[in-house]
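When the count follows this note's numbering, it moves up by one through the sequence shown with no breaks and lands on 823 for the last residue. Just so you know, even glycine gets a beta-carbon here, dropped at the ideal spot from N, CA and C. Here the structure is a predicted model, which means the values were calculated and not measured. This report refers to the structure that appears directly beneath it.
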Amino acid sequence: MTNKKKAEMLQMLTGVKHQRRRRRRLLVTETELRPRPILWSINSRNLEFPPYQPDTADSLKILDALMISCGKLSHQNNSVLGLVTGSDSFAPLLSQKQKLSHKEQLVVHAGRLQHHRLFWNRNRTGLFSDCESLCNNMGIVFWTFSLLTLPVLQSAKILTICLIGGSHYLLFDEISHNLHQHGHEVRMLLQLGTPVITGFSYEGRADSYQRSTWSLGEKYIKEYNSWFLEQQTQFLLGRDNFNDFLTFMGHLSYQCDKLLEDKEIITFLQRQRFDITILDAFNPCSFILARRLGVQYIAFYPGTLNGPLSIALPSPISYIPVFHSQLSNHMNFWGRAKNLLYSLLAPVGQERVWSKFREVAEHHLESGSPPGGLEELHRGAQLWAFNTDFSLEFPQPLMPYTVLVGGLLNKPAKPLEQELELWSSGFGEAGFIVVTLGSMVSSVSVDLLLVELVAGFSMIPQGVIWRYDPKRWPPGLDKPPNVKLVDWLPQNDLLGHKNARLFITHGGQNSLLQAVYHGVPVLGIPLFGDQFDNVLKAESKGLGLSISPTDITRERLHSTIKTLIHDIRFKSTALSISKIHRSHPVAPALRLIQWVEHILHSGGGDHLLPTSLSQPWYQRCLLDVMLLLFLGLLVPVVLCWTLCRNKRSRDKQKKLQ
């Protein structure tokens with residue numbers, strides 16, 4: 167049965183009219199109910215979403231009203247079936263409402279039906295399809311209620327923008343999938359050809375969100391990836407500098423210009439009339455594209471709170487480290503002095519980054535380049551979501567427009583494939599170590615470093631599963647028997663395995679959050695960007711230790727691994743941090759969805775944005791007020807000094823006379 171026929175049957179049976187609009191509305195009209203079997207349905211899962219979350223008393227009142235209606239219908243020789251779908255959190259309320267007669271039934275379904283909210287949603291028929299067999303066998307009239315807004319159900323059109331590969335894609339794939347599963351129509355704009363994850367497919371998930379892909383062509387992709395591989399070598403040699411980062415931003419700027427010149431993809435996206443965009447805040451091009459499309463946007467930053475952003479977060483430099491300062495929240499005098507210097511240099515660095523994109527914005531935005539530059543684009547976001555959590559982050563004040571959703575990729579571990587399970591169990595109580603240097607570093611191109619790593623791993627009793635492209639393994643280097651090379655590994659499932667003893671990582675935010683989730687100590691080998699700050703935070707929290715890639719020797723690697731595995735303090739701290747992370751009342755994925763829907767229901771996030779976002783920096787710092795106070799104190803002092811000086815001068819002249 168097609169969706170159209172089902173809709174016609176629904177309208178014929180119940181008088182329900184529905185129209186496909188940008189904002190879908192379900193209008194339930196009163197009809198004369200002849201004696202017949204009746205099914206009513208409630209979507210209780212909507213109770214989980216702010217800002218309309220009713221308390222228990224309100225929920226029970228709604229149920230009471232529905233129960234009374236069921237009672238009246240049953241007395242008219244109707245058989246009534248009440249179906250409540252949604253989450254487990256609503257089930258306890260239903261246990262208090264078992265007041266139905268023998269002609270009435272209350273069926274509690276607390277499973278995860280992801281499609282019952284909007285039965286007219288694209289590619290899904292929702293609750294109507296669930297009840298199709300009932301509709302074919304009985305003349306059923308069913309009413310679909312939403313406890314969120316009762317007469318109104320909404321499905322938003324959402325665009326997610328992912329113009330960088332690797333871990334950025336993994337995050338936006340998860341975000342897009344979760345939003346789609348909660349009834350929204352989601353499309354991801356994905357740029358192909360960026361440095362890919364070896365052994366991983368970008369095919370996307372079956373029966374999930376839609377995708378629009380864009381690419382620059384094989385010639386440029388080959389040159390870009392070749393440059394990126396060379397950068398990996400520089401990182402492994404400890405040569406991470408700001409000029410290389412600016413070169414990277416230059417590549418992103420070139421890609422941005424070519425994307426915005428593609429009239430076909432831009433016109434297609436404009437015609438979709440998206441309700442909101444969720445963009446990757448790391449790439450300035452995402453902001454320019456959202457402005458070009460004329461869509462409100464939510465900024466998702468894949469890193470920590472102290473990233474190179476201008477969003478007026480309260481960040482007292484006395485205890486909040488500035489990006490790339492490699493300081494903890496406990497600073498001595500020289501640490502605070504260094505932090506102050508970095509805070510003064512941060513706007514200069516941001517201006518140099520924006521200089522790579524200013525011409526692109528000037529050329530492709532009707533209003534030209536924003537006068538406030540990148541800072542203005544940052545502050546145009548309706549909401550900022552950060553891929554971090556206070557279980558790993560240094561405590562600091564937040565603003566209403568910020569939400570922490572770190573751990574989107576964290577999940578309960580699934581059983582390993584048979585081959586991996588047999589390998590992991592072969593090391594007994596010694597267990598195994600997971601080694602990966604990030605989604606974009608699939609091999610070690612520095613021969614001396616590789617030799618030291620291999621020699622260090624050969625000295626330990628644990629097994630080592632290493633994400634390393636086997637095709638790039640040097641032919642003259644013997645691989646120890648306890649080392650297993652794989653081009654792709656199920657990192658989350660391995661870290662959640664009972665025999666996982668240690669995680670050797672580059673310090674990427676997703677990797678550290680997965681280690682936190684599963685309570686596994688870490689050995690950090692930071693290579694570039696925010697990884698130095700990330701590893702320092704993990705070390706400050708007691709989650710592990712760190713080694714610079716230029717300081718790795720087989721002896722030091724062996725002793726550090728031995729310390730992390732045998733010193734019970736590291737495992738104990740990891741489990742303690744894991745408990746903090748897991749005990750959050752709302753999971754990160756649902757937390758983000760709640761806030762996205764809050765912005766949609768509210769028509770924007772203006773109510774979350776403080777005046778400080780539009781204030782000049784000197785007003786935010788009260789420099790104008792302090793200047794006035796200083797002048798107010800200075801003027802009387804100067805007057806007094808002048809009067810005293812004149813008096814002394816007159817007295818001196820009198821004495822001379």
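The shortest CA-to-CA distance from valine 652 to any of Arg439, Glu430, Cys422 and Glu585 is the one to Glu585. Under the three-state reduction of DSSP output, aspartate 446 falls in the strand class. Residue range 323 to 328 is occupied by the beta strand (DSSP E) that includes cysteine 328. Counting the other CB atoms within 10 Å of its CB gives serine 749 a total below 16, which places it among the exposed residues. For serine 738, the enclosing alpha helix (DSSP H) starts and ends at 734 to 748.
Taking every protein chain shown into account, the CB of arginine 439 has fewer than 16 other CB atoms within 10 angstroms, so this residue is exposed.
Taking a cut-off of 8 Å on C-beta distances, the segment 644 to 661 touches the segment 572 to 586, as three or more cross pairs fall below it. For the pair of segments examined, the segment 525 to 542 was found to touch the segment 446 to 466: the number of CB pairs separated by less than 8 Å reaches three.
Contact between leucine 730 and glycine 708 fails: their C-beta atoms lie close to 11 Å from each other, not under 8 Å. Ranked by Cα distance from leucine 779, the first of Ile626, Gly642, Pro563 and His544 is His544.
The shortest C-alpha to C-alpha distance from proline 687 to any of His767, Gly770, Val601 and Lys504 is the one to Val601.
DSSP places glycine 769 outside both helix and strand once states are collapsed to three, so it counts as coil. Per DSSP, the beta bridge partners of serine 378 are Leu355. Put simply, of Leu574, Pro480 and Ala503 the residue whose alpha carbon is nearest the alpha carbon of tyrosine 683 is Leu574. The beta carbon of serine 342 sits closer than 6 Å to those of Thr326, Val352, Met354 and Tyr375, all from its chain and outside the five residues before and after it, given in chain order. Measuring C-alpha to C-alpha distances from proline 751 to each of Val571, Phe489, Met565 and His350 identifies Val571 as the nearest. Classified as exposed, alanine 503 has fewer than 16 neighbouring CB atoms from the shown chains inside 10 Å of its CB. By the 16-neighbour rule on beta-carbons within 10 angstroms, threonine 413 is exposed. Leaving aside the five residues that flank arginine 757 on each side, the residues in its chain whose CB is nearer than 7 Å to its CB run, in chain order, Val569 and Val571.
Lysine 650 is bridged by DSSP to Ile631. Collapsing the DSSP output to three states places threonine 777 in a helix. DSSP, read as helix, strand or coil, puts tyrosine 784 in helix. Between alanine 465 and alanine 547 a beta carbon distance of about 4 Å is seen, short of the 8 Å cut, so the two are scored as contacting. Excluding residues up to 5 positions away in sequence, Gly359 lie with their Cβ nearer than 6 Å to the Cβ of isoleucine 387 in the same chain. In this structure, the alpha-carbon of lysine 522 lies about 12 Å from that of glycine 515. Per the coordinates, the alpha-carbon of serine 742 lies some 8 Å from the alpha-carbon of glycine 685. Only residues of its own chain outside the window of five on either side were considered, and among them Val352, Ser374 and Tyr375 have a CB closer than 8 Å to the CB of histidine 346, listed in chain order.
A residue is called buried once 16 or more other Cβ atoms fall within 10 Å of its Cβ, and glutamate 763 is buried on that count.
Judged by DSSP secondary structure, glycine 539 falls within the alpha helix (DSSP H) whose first and last residues are 539 to 544. Apart from the 5 residues on each side of it in sequence, methionine 625 sits with its Cβ closer than 6 Å to the Cβ of His724 in its chain, given in chain order. Here leucine 570 is bridged, per DSSP, to Phe552. The straight-line gap separating the alpha-carbon atoms of aspartate 790 and proline 782 is approximately 11 Å. A Cβ-Cβ contact shorter than 8 Å links asparagine 495 with proline 487. Non-local C-beta neighbours of leucine 775 in its own chain, meaning closer than 6 Å and more than five positions away in sequence, comprise Tyr567, ordered along the chain. Burial is judged here by how many other beta carbons sit within 10 angstroms of a residue's own beta carbon; glycine 592 has fewer than 16 and is exposed. In terms of Cα proximity to proline 646, the closest of Ser491, Trp632, Asn658 and Ser706 is Trp632.
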